[in-house]
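Position 247 of the sequence shown, counting from 1, maps to 525 under my numbering, and the rest follow consecutively. Right, one structure below, let's go through it.
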Amino acid sequence: MAKVVLITGCSTGIGLKLALRLAQSQNPTYKVYATMRNLEKQKQLVQEAGSALNKTLLIRKLDVGKSDQVQSVVEEAVQNEGKIDILVNNAGFGYVCAFESMPMDIAQQMMDTNFFGCMRCMQACIPHMKKQNCGHIINLSSLSGIYGTPFHGLYASTKFAMEGLSESLAPELSYFGISISLIEPGPVATTFVDTWIDRRKDSKENEQLGQQTQKLTDGIIDFMTKRPPDVVENVDHVVDVIMKCINDKPPSLRYPTTEVVLKAAKRKFIDPTGDSVTDFTTSFYPIFKKD
279 MAKVVLITGC STGIGLKLAL RLAQSQNPTY KVYATMRNLE KQKQLVQEAG SALNKTLLIR
339 KLDVGKSDQV QSVVEEAVQN EGKIDILVNN AGFGYVCAFE SMPMDIAQQM MDTNFFGCMR
399 CMQACIPHMK KQNCGHIINL SSLSGIYGTP FHGLYASTKF AMEGLSESLA PELSYFGISI
459 SLIEPGPVAT TFVDTWIDRR KDSKENEQLG QQTQKLTDGI IDFMTKRPPD VVENVDHVVD
519 VIMKCINDKP PSLRYPTTEV VLKAAKRKFI DPTGDSVTDF TTSFYPIFKK D
């Protein structure tokens, strides 16, 4: 019997590629509910789905910020399929700026999407998984969920919250046969960066910044937009890691997707002072290197 999978944030990037990979899988098979906030952005997914569309791939509208939409899609999946095996919380967005100029409305929206959206989906799925005595929740975290990266303060906060919740839930849910996993990629070659750059265009934050702070902000943005090939990983590789997570028996709590992220995690978890974290993040971005 096909495993039933619900994925959020499937209009682009990791969510889109994962939905296609699962829906087009022959052995084992999956029934995928691929969701997105705006159905006007489903064109690429529809085109690439091929014969899987409306068979093993169902596209649904789901804004993770709206509890009624979350509940509706979960109930539809359970009613139609009799179960829900895997939840992948992928929806989210970022914003890079100096902390003091962070627009409060965007900060609240980011936390509501990246963390509370994840929470809404889990709360809707967990009762069904408990009844089944099985299930797997996969949360898309980040290197920023391990290290608080400069000028990513609010984004990192959402991922730290996700990491803490997932770690706390792991033993709680294991009693009911439910696994929870965190996928921890570094920078990924998606439209993620372009999206937050578009958000910044309408912001007046630059008017508030001093010259040195503006220089650092611009340096971070320049680094992120250039996406150095030795730092950025491709979407398919991240999807490979998620597939490994799905197939592992039992799955681990954390899945760093690259050697860079793995080394970062090792460095952090072995140093109780936290000094190595600051040293690493400072050296990671060229703009912080003083002449």
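For every residue, glycine included, the Cβ atom is placed at its ideal position computed from N, Cα and C.
*Mind listing, in chain order, the continuous alpha helix (DSSP H) runs of no fewer than 4 residues lying wholly within the segment 360-397?*
382-389
*Return the bridge partner residues of Leu284 from the DSSP annotation.*
Tyr311, Leu365
*Would you kindly work out how many angstroms separate the C-alpha atoms of Gln571 and Ser452, rounded to a whole number?*
As shown, the chain starts at 279 and ends at 569. That puts residue 571 outside it, with no answer to give.
*Pull up the distance between the alpha-carbon of Gln357 and that of Gln349, whole angstroms please.*
12 Å
_CB-CB length for Thr535 against Val516, believed under 8 Å_ = 6 Å
*asked:* Across the segment 296-304 and the segment 379-395, are there enough close Cβ pairs to call them in contact, namely three or more that are closer than 8 Å?
replied: no
*Is the segment 360-370 touching the segment 396-407 in the sense that three or more CB pairs, one from each, lie closer than 8 Å?*
yes
*Note down, in chain order, each residue of its chain lying with its Cβ closer than 7 Å to the Cβ of Thr391, except the 5 sequence neighbours on either side.*
Val342, Gly343, Ala369, Gly370, Phe371
*How should Phe547 be labelled, buried or exposed, when 16 other C-beta atoms within 10 angstroms of its C-beta is the threshold for buried?*
exposed
*What's the gap between the Cα of Lys295 and the Cα of Thr560?*
32 Å
_Given 8 Å as the limit, tell me if Asn305 has its C-beta closer than that to any heavy atom belonging to the ligand FMN._
In terms of ligand content, the structure shown is empty, and the ligand FMN therefore cannot be addressed.
*Just reading off the beta strand (DSSP E) that Asn525 is part of, what are its end residues?*
Asn525 -> not in any beta strand (DSSP E); alpha helix (DSSP H) instead, spanning 513-525.
_Please state whether the Cβ-Cβ distance between Leu460 and Ile524 is less than 9 Å._
no
_Among Asp346, Cys288, Gln490, Glu353, whose alpha-carbon lies nearest the alpha-carbon of Glu326?_
Cys288
*Of the listed residues Asp518, Pro550, Gly413, nearest to Val283 (C-alpha basis)*: Gly413
_For Thr334 and Val351, which I take to be in contact (beta-carbon distance under 8 Å), what is that distance rounded to the nearest angstrom?_
Contact doesn't hold; Cβ gap of about 17 Å is too wide.
_Taking the beta carbon of Lys527 as the centre, do at least 16 other beta carbons fall within 10 Å, making it buried, or is it exposed?_
exposed
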